[in-house]
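Comments concern the structure below.
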Amino acid sequence: MKSTFINLQVAIGVAIILATLFTAWTPGETEPTTSWGISQIAPFPTPQPTAGILPTIRSQPLIGIVAGHWGNDSGAVCLDGLTEAEVNQNIATQVQKQLNEKGFAVDLLKEFDPRLRDYTALALVSIHADSCNYINENATGFKVAAALASPDPERATRLTACLRSRYAGATDLPLHSTSVTADMTDYHAFGEIHPSTTAAIIETGFLNLDRQYLTENSEQVALGITNGILCFIDEEDINPTTP
84 MKSTFINLQV AIGVAIILAT LFTAWTPGET EPTTSWGISQ IAPFPTPQPT
134 AGILPTIRSQ PLIGIVAGHW GNDSGAVCLD GLTEAEVNQN IATQVQKQLN
184 EKGFAVDLLK EFDPRLRDYT ALALVSIHAD SCNYINENAT GFKVAAALAS
234 PDPERATRLT ACLRSRYAGA TDLPLHSTSV TADMTDYHAF GEIHPSTTAA
284 IIETGFLNLD RQYLTENSEQ VALGITNGIL CFIDEEDINP TTP
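Per the working numbering, the very first residue in the sequence shown carries number 84; after that it's consecutive.
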């Protein structure tokens, strides 16, 4: 009799345990994972576009070319309607093409391009031209300048020296260094770009006495700028103290 009672207690206990397990189990439920299991790790959020310009991943060395006045104003305007902005953009586009053919990525930038903010590249050159007005017989030739207070004056000096040397060699235009202005040495982009980017500005010639050459030989004009940039990047042998 006692044995029968004990067996009955065991059976009741087993029944209670089984009832509890069946109550907790829901059909279709998988085995629970631990707190660090894969199912508990939230997926990485999909990156969302942010305000402003997103950086571009590039596989080639980068150079920036500013087409002076482009996207902002006309610059100098000649009597027949030719504008400095047109001349600058034509030359800048050809510089871009020539450097692309040499294996460089080139950003063609507007005068006040938003990409200039903290712009980082091997070099940046802004292309301009001088007045359409007749000044005197000496108002011919080009000029080059870097920032008055460059973060790396040695590299800035080398870039301007390379541009002077190679541009003169390609175009045979004289250097008109006496007319370098504060607008050149304090050029706005110099204060916008990243300090590691070496920059210069070039006035390719006067749109009066040099107009024919600048408009009819624009490819050669562009080549002078391209060669100057390559001279700087390739560390070609040139004395930075001489044009």
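Virtual Cβ for every residue (Gly too), placed ideally from N, Cα, C.
Looking only at V178, K193 and L192, the smallest Cα-Cα distance to G186 is reached by V178.
For A175, the enclosing alpha helix (DSSP H) begins and ends at E167 to E184.
Around L162, the same chain offers C215 as residues with beta carbons nearer than 8 Å, after the five sequence neighbours per side are excluded. One thing to note: K226 has its Cβ no nearer than 8 Å to the Cβ of V170. In this structure, L297 lies away from L306, with their beta-carbon atoms at least 8 Å apart. Between L192 and the set D201, W153 and L205, the nearest pair of CA atoms involves W153. Taking C-alpha positions only, A229 is separated from T268 by approximately 6 Å.
For D190, the enclosing beta strand (DSSP E) stretches over residues A188 to L192. In the structure shown, T261 falls within a helical segment according to DSSP collapsed to helix, strand and coil. The residue from A212, H277 and E237 with its alpha-carbon nearest to that of R198 is H277. Contiguous alpha helix (DSSP H) elements confined to the segment 189-274 occur at 236-254 and 265-268, taking only those with 4 or more residues.
For the 8 Å CB-CB criterion, D201 and I148 do not form a contact. Under the criterion of beta carbons closer than 8 Å, D213 and E286 qualify as touching, at roughly 5 Å. I308 is positioned such that its CB atom lies no closer than 8 Å to that of L207. G311 sits close to Y250, with the two beta carbons spaced by under 8 Å. Of the residues assessed, G274 falls on the exposed side of the cut-off, its CB having fewer than 16 other CB atoms within 10 angstroms. DSSP, read as helix, strand or coil, puts I316 in helix. No residue range can be given for L290, since it is assigned to no beta strand (DSSP E) and is classified by DSSP as neither H nor E.
Assignment of I284 by DSSP, reduced to helix, strand and coil, places it in the strand class.
Short of 7 Å from the beta carbon of L231, and not among the five residues preceding or following it, lie these beta carbons of its own chain, in chain order: T268 and D269. From the listed residues L313, L292 and L258, the smallest Cα separation to I218 is found for L292. In this structure, the straight-line span from the alpha carbon of I316 to that of A204 is close to 11 Å.
By the CB criterion at 8 Å, L256 and G288 fall inside the cutoff.
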